[in-house]
Amino acid sequence: MKIVISAGPTRESIDTVRFISNRSSGKMGYALASAAAESGMEVVLISGPVTLPPPPGNIELIKVETAAQMAIAVKTAATNADIVIMSAAVADYRPLNALPGKLKKSSGNLVIEFERTEDILASLGEIKRPGQILCGFAAETDNLISNAKEKLSRKNLDWIIANDIGKPGQGFAGDRNAVTMLSANGQLIELALADKAIIAQQIIAEITSK
Ligand code: CTP
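Quick look at the structure:
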C-alpha cells in the first residue's frame, strides 16, 4: 500500500532574499509518515522547509519550497497512491511579482500584491481514482466542525482532520495535538490530547481500517 503525505509550510518569495511563510513545524506530517512506515506502507513524504531530521524507516523524502513545487511533487506521487494525506500548511497566496534581486527600502509603506496558489487538495479531489483515500486537515480558530465539514465535501475528501489551533498546547508548533476526525460517510472520531506520534498512529489506524 502506497501513501503520500505532505508536511510543513511552504515559502513564497517576495524577492531573492525574503519570503512569506507560516508557523507550521511539520511535526504532525513527519509523525504520520513514521506511523505509516511502522505499519508497513510504502511512504512518500513531501516536505516544505522544516528543521526536523528525516524520519527513520523506509520513507522517500522529497523536499520542496513553494506551493507550486509542492503541487507538482504531490500530484506526481499521488497518481499511483492508495492514500494521500495533505498535512502541509500550503500558502494560499504568493506575491504576484517576486522581484529579482533585493528590494530596496524607501520612506513610505510597502504594498505587495498577492495571487492565489493552487489548492492542491481540491485538485486531488477532482482527479481522485475510485478507491483512493484522500485526507485533508482543517486548522481552524472558529466553528471547527462546521468549517471542517464544509471542506470535506467541497474538496471531495474521504477524511478531514479538524484541528482547533485556537487552544493552547495543541496544533501548529507543539509536540502534542488533539483532533477530531470526520469522514465522508459520517463518522466523527475524537482523538484526545496526546503526543503527535500517538495521534498519528490513531489517524493511520482509522484511515486504513476498512
Ligand atoms: N491545502 C492545499 N493547497 C492549498 C491550501 C491548502 O492542498 N493551496 C490543503 C492543506 O494541506 C489542508 C487543507 O487544504 O489539508 C486546508 O484547507 P484550506 O481550505 O486551504 O484551509 P485554510 O487555508 O485554513 O482555509 P480557509 O482560509 O478557508 O480557512
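Quick note: the sequence shown, position 11, residue -5 per the numbering used here, numbers continuous. Heads up, the beta-carbon is just placed ideally off N, CA and C, and yes, glycines get one too.
Identify whether Glu49 lies in helix, strand or coil by the three-state DSSP scheme. Residue numbering aside, residue 49 sits at position 65 when the sequence shown is read from its first letter. Looking at Glu49 - three-state DSSP - the assignment turns out to be coil, as it is neither helix nor strand.
Measuring alpha carbon to alpha carbon, tell me which residue in Lys59, Pro79, Asn161 and Ser18 is nearest Pro40. The count along the sequence shown starts at 1 and reaches residue 40 at position 56. Of the candidates Lys59, Pro79, Asn161 and Ser18, the one whose C-alpha sits nearest the C-alpha of Pro40 is Ser18.
How would you label Ala153, buried or exposed, when you count the other beta carbons within 10 angstroms and need 16 or more for buried? Locating residue 153 in the sequence shown gives position 169, where the first residue counts as 1. In the sequence on display, residue 153 carries Gly and not Ala. Per the 10 Å Cβ criterion, exposed.
Assuming contact is defined by CB atoms lying nearer than 9 Å, are Gly120 and Met70 in contact in what I supplied? Along the sequence shown, one-based indexing puts residue 120 at 136. Along the sequence shown, one-based indexing puts residue 70 at 86. Yes; because the gap between Cβ atoms is below 9 Å, this pair is in contact.
Spatial neighbours of Val28 within its chain, please: C-beta separation below 6 Å, excluding the five flanking residues on both sides. Here residue 28 refers to the residue found at position 44 of the sequence shown. Closer than 6 Å at Cβ, skipping near neighbours: Val(-12), Glu44 and Ala61.
With a threshold of 8 Å, establish whether the CB of Lys112 neighbours any heavy atom of the ligand CTP. Within the sequence shown, numbered from 1, the residue matching residue 112 stands at position 128. Because no heavy atom of the ligand CTP lies under 8 Å away, the Cβ of Lys112 does not count as near it: no.
Take Val34 as the anchor and find which of Arg113, Tyr14 and Leu141 has the nearest alpha-carbon. For the purposes of this step, residue 34 is taken as the residue at position 50 of the sequence shown. Checked all of Arg113, Tyr14 and Leu141; the closest Cα to Val34 is Tyr14.
Excluding the five sequence neighbours on either side, which residues of its own chain have a C-beta within less than 7 Å of the C-beta of Lys47, listed in chain order? Counting from 1 along the sequence shown, the entry for residue 47 is found at position 63. Counting only Cβ-Cβ distances below 7 Å, and skipping sequence neighbours, we find Ser31.
Does the beta-carbon of Ile67, which I'm using as the reference point, lie nearer than 8 Å to any heavy atom of the ligand CTP? For the purposes of this step, residue 67 is taken as the residue at position 83 of the sequence shown. No, the ligand CTP has no heavy atom inside 8 Å of this Cβ.
Is there contact here, the stretch -8 to 5 with the stretch 50 to 68, by at least three beta-carbon pairs under 8 Å? yes
Kindly indicate which three-state DSSP category Leu164 falls into: helix, strand or coil? Stepping through the sequence shown from its first residue, residue 164 is reached at position 180. The identity of residue 164 in the sequence shown is Thr, whereas the question assumes Leu. Thr164: strand per DSSP, three-state reduction.
First and last residue of the alpha helix (DSSP H) that includes Met12? Locating residue 12 in the sequence shown gives position 28, where the first residue counts as 1. Start and end: Lys11 to Glu22.
For the beta strand (DSSP E) containing Glu174, name the first residue and the last one. Numbered from its first residue, the sequence shown carries residue 174 at position 190. Glu174 -> beta strand (DSSP E) spans Leu172 to Asp179.
Give every residue of the same chain whose Cβ lies closer than 7 Å to the Cβ of Val74, excluding the five residues on either side of it in the sequence, and list them in chain order. What you label residue 74 is simply residue 90 of the sequence shown in a count that begins at 1. Hits under 7 Å: Thr(-6), Ala51, Met54, Thr101 and Ile104.
Is it buried or exposed, Gly109, if we count other Cβ atoms within 10 angstroms and call 16 or more buried? For the purposes of this step, residue 109 is taken as residue 125 along the sequence shown, with counting starting at 1. By the neighbour-count rule (16 or more Cβ atoms within 10 Å), Gly109 is buried.
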